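> Residue numbers 1 to 204, in the UniProt record's numbering, belong to the letters of the sequence shown in order.
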Amino acid sequence: MALFRLGVPSEISNLVRGEGVYLRPPEARDYEAWSDLREKSRAFLTPWEPTWPGDDLTRTSFRRRLRRNLQEMTNDEAYPFLIFRDEDERLVGGLTLGQVKRGVAQSATLGYWMGMPHAGQGLMSRAVRAMTGYAFTSLRLHRIEAACLPHNAASIRLLERVGFKREGLARAYLRINGLWQDHLLYALLETDPLPLRVARRDRG
Numbered sequence: 001m002a003l004f005r006l007g008v009p010s011e012i013s014n015l016v017r018g019e020g021v022y023l024r025p026p027e028a029r030d031y032e033a034w035s036d037l038r039e040k041s042r043a044f045l046t047p048w049e050p051t052w053p054g055d056d057l058t059r060t061s062f063r064r065r066l067r068r069n070l071q072e073m074t075n076d077e078a079y080p081f082l083i084f085r086d087e088d089e090r091l092v093g094g095l096t097l098g099q100v101k102r103g104v105a106q107s108a109t110l111g112y113w114m115g116m117p118h119a120g121q122g123l124m125s126r127a128v129r130a131m132t133g134y135a136f137t138s139l140r141l142h143r144i145e146a147a148c149l150p151h152n153a154a155s156i157r158l159l160e161r162v163g164f165k166r167e168g169l170a171r172a173y174l175r176i177n178g179l180w181q182d183h184l185l186y187a188l189l190e191t192d193p194l195p196l197r198v199a200r201r202d203r204g
């Protein structure tokens with residue numbers, strides 16, 4: 001029924017541009033750069049992510065991931081992107097708008113990861129700003145939700161810097177690094193005012 005597909009664009013752009021970064025869905029040619037960056041960042045990412053499957057970094061697993069990504073985008077369920085730095089087209093991280101809800105909700109959940117060598121350079125802040133603009137215009141969403149661990153100070157700074165508002169605490173919200181853990185809940189509405197963008201202070 002049309003109500004439950006309200007706002008779905010007829011064509012989705014595969015490229016999202018931001019300030020010094022661009023985002024696009026993963027492709028087969030990204031495997032080596034993706035697996036290398038994830039492996040180098042394993043210890044850095046482990047405290048903040050679900051437990052990795054044993055075959056997570058294999059080419060076969062990556063191919064399954066690509067098939068799942070395509071199906072999710074086709075079904076308007078999730079929009080996964082990799083993040084690249086403009087100056088050298090280097091892969092620096094990833095970002096996903098998942099759990100897309102249409103109809104009366106028009107919302108999605110934001111998740112992201114940054115490779116260890118590229119953390120603290122402002123790249124994720126720029127990527128999230130680009131993605132929120134894309135979500136509110138091209139995807140016609142009304143609300144973007146995000147959750148982070150209460151002790152993840154870097155993620156808290158990032159979300160608040162780009163305009164997300166804290167809405168509460170969810171107990172045992174997600175299973176992260178093998179444990180059910182509490183999460184702070186944040187959200188950004190299409191009607192929320194965006195903070196001033198001061199590049200020299202932008203280190204998230």
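For glycine and all other residues, C-beta sits at the position ideal for the given N, C-alpha and C. As the structure is a prediction and not an experimental result, all values here were calculated from the model.
1. Once DSSP output is grouped into helix, strand and coil, what is the label at W113?
2. Could you name the residues of the same chain whose beta carbon sits closer than 7 Å to that of W180, not counting the 5 residues immediately before and after it, in chain order?
3. Find out if the Cβ-Cβ distance for the pair P25, N75 is shorter than 9 Å.
4. Cα separation between L91 and E167?
5. Does the contact criterion of 3 or more C-beta pairs under 8 Å hold for the stretch 114-131 versus the stretch 50-67?
6. Could you say if the stretch 102-121 and the stretch 25-41 meet the contact criterion of at least three C-beta pairs nearer than 8 Å?
7. For the alpha helix (DSSP H) containing residue 272, list its first residue and its last residue.
8. Would you report the Cα separation of G133 and Q99, rounded to the nearest angstrom?
9. Can you check whether the CB of L57 is closer than 9 Å to the CB of S35?
10. Determine the direct distance from the alpha carbon of L169 to that of P47, and round the result to whole angstroms.
11. What does the alpha-carbon distance come out to for the pair L184 and M131?
12. Tell me F84's beta-bridge partners as DSSP assigns them.
13. According to DSSP, what are the bridge partners of Q181?
Judging by the given coordinates:
1. Taking the first residue of the sequence shown as 1, we reach residue 113 at position 113. Reduced to three states, the DSSP call for W113 is strand.
2. The residue you call residue 180 lines up with position 180 of the sequence shown. Excluding sequence neighbours, W180 sits near A172.
3. As a position in the sequence shown, residue 25 is number 25, starting the count at 1. As a position in the sequence shown, residue 75 is number 75, starting the count at 1. Not in contact: P25 and N75 (Cβ atoms no closer than 9 Å).
4. Residue numbering aside, residue 91 sits at position 91 when the sequence shown is read from its first letter. Residue numbering aside, residue 167 sits at position 167 when the sequence shown is read from its first letter. Straight-line measurement puts the Cα of E167 at about 32 Å from the Cα of L91.
5. No contact exists between the stretch 114-131 and the stretch 50-67.
6. Judged by Cβ distances under 8 Å, the stretch 102-121 makes contact with the stretch 25-41, as three or more pairs qualify.
7. What is shown of the chain runs 1 to 204, which leaves residue 272 out entirely.
8. What you label residue 133 is simply residue 133 of the sequence shown in a count that begins at 1. What you label residue 99 is simply residue 99 of the sequence shown in a count that begins at 1. It is roughly 18 Å from the alpha-carbon of G133 to the alpha-carbon of Q99.
9. The residue you call residue 35 lines up with position 35 of the sequence shown. The residue you call residue 57 lines up with position 57 of the sequence shown. In this structure, S35 places its C-beta atom within 9 Å of the C-beta atom of L57.
10. The residue you call residue 47 lines up with position 47 of the sequence shown. The residue you call residue 169 lines up with position 169 of the sequence shown. Note on geometry: alpha-carbon atoms of P47 and L169 lie some 19 Å from one another.
11. Within the sequence shown, the letter at position 184 stands for residue 184. Within the sequence shown, the letter at position 131 stands for residue 131. Taking the straight line from one Cα to the other gives about 21 Å.
12. Start at 1 with the first residue of the sequence shown, and residue 84 comes out as number 84. F84 pairs with Y22, L91.
13. Counted from its first residue, the sequence shown places residue 181 at position 181. Answer by DSSP bridge pairing, in chain order: L174.
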